[in-house]
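Novice: Residue numbers (my numbering): 6 to 220. One structure follows; several queries about it will come next.
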């Protein structure tokens, strides 16, 4: 193996609570009730896809023009970014800082494959942006997860083939995308079982770098 590709939310840090707070605030404004269980459907998918699911949940998918939907999505993002101001390196998930530093020491390039347009800002707040060699820009994508496009681009961004990379994901859609391009998949377990993953862990602290490189 020649490099690592990471989803961001749920793998590097957990900002799901901030996403949920921001989406719930917007949903309440629109007269739609969502809860934490429903919020699981929004993990790993784009902002506009998340909004469409919320509107469908409230039977309001045809109630708004595209411009209005884009304004709602921007409003949610502003609320989310405000909440992200509270992030610090203490919000890194267990084992992440150590894993990234060891990867750097062993010259194993690392890329971020996240649908979040806020990824650079989040990594800055967490103090680890310098440990990544590339961050895929979601604006360059034509399809969202589970399509493998983002993972293929992530591998290309660090100069390797997908089959030479190990991908890390906490969502089923992400695992499906990783496997669809021939990448080795490590599932970081949270609230859902991750079928198709080649291996599952509860944190990156469980992993041995030399064993991964030798796969």
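Cβ atoms here follow ideal geometry from the backbone N, Cα and C, with glycine treated the same way.
May I ask which residues mark the beginning and end of the beta strand (DSSP E) holding residue 190?
Specialist: 189–193 is the span of the beta strand (DSSP E), which, as asked, contains residue 190.
Novice: With distance defined between alpha-carbon atoms, name the residue in 109, 122, 16 nearest to residue 81.
Specialist: Measuring from the Cα of residue 81, the nearest candidate turns out to be 122.
Novice: Per DSSP, residue 97 is paired with what?
Specialist: In DSSP, residue 97 forms a bridge with 18.
Novice: For a quick check, are the C-beta atoms of residue 182 and residue 152 less than 8 Å apart?
Specialist: A contact, by the Cβ cut-off of 8 Å.
Novice: Label residue 38 either buried or exposed according to how many other C-beta atoms from any shown protein chain fall within 10 Å of its C-beta, with 16 as the threshold for buried.
Specialist: Its Cβ having fewer than 16 others within 10 Å, residue 38 is exposed.
Novice: Measure how close the beta-carbons of residue 205 and residue 192 come, nearest whole angstrom, since I'm counting them as under 8 Å.
Specialist: Residue 205 to residue 192, Cβ: 4 Å. Contact.
Novice: For residue 42 and residue 64, what's the separation of their Cα atoms in angstroms?
Specialist: About 18 Å.
Novice: Please classify residue 71 as buried or exposed, where buried requires at least 16 neighbouring CB atoms within 10 angstroms.
Specialist: Exposed: under 16 other Cβ atoms inside 10 Å.
Novice: Assuming residue 203 and residue 16 make a contact with CB atoms under 8 Å, what is their CB distance in whole Å?
Specialist: That pair is no contact at about 15 Å.
Novice: Could you check how far apart the C-beta atoms of residue 128 and residue 137 are, in whole angstroms? I think they sit under 8 Å.
Specialist: Contact holds; Cβ gap of about 7 Å.
Novice: For residue 186, which residues does DSSP report across the bridge?
Specialist: Residue 186 pairs with nothing; no bridge assigned.
Novice: What are the uninterrupted segments assigned as beta strand (DSSP E) that are 3 or more residues long and contained completely in the stretch 74–155, given in chain order?
Specialist: The stretch 74–155 contains these whole beta strand (DSSP E) runs: 115–117.
Novice: Residue 156 and residue 118: beta carbons closer than 8 Å?
Specialist: Contact: yes.
Novice: Can you give the beta carbon distance from residue 208 to residue 132, rounded, assuming they're within the 8 Å contact cut?
Specialist: In fact, because the Cβ distance is near 18 Å, the residues do not count as touching under 8 Å.
Novice: Going by DSSP, what residue range makes up the alpha helix (DSSP H) through residue 218?
Specialist: Segment 214–218, the alpha helix (DSSP H) holding residue 218.
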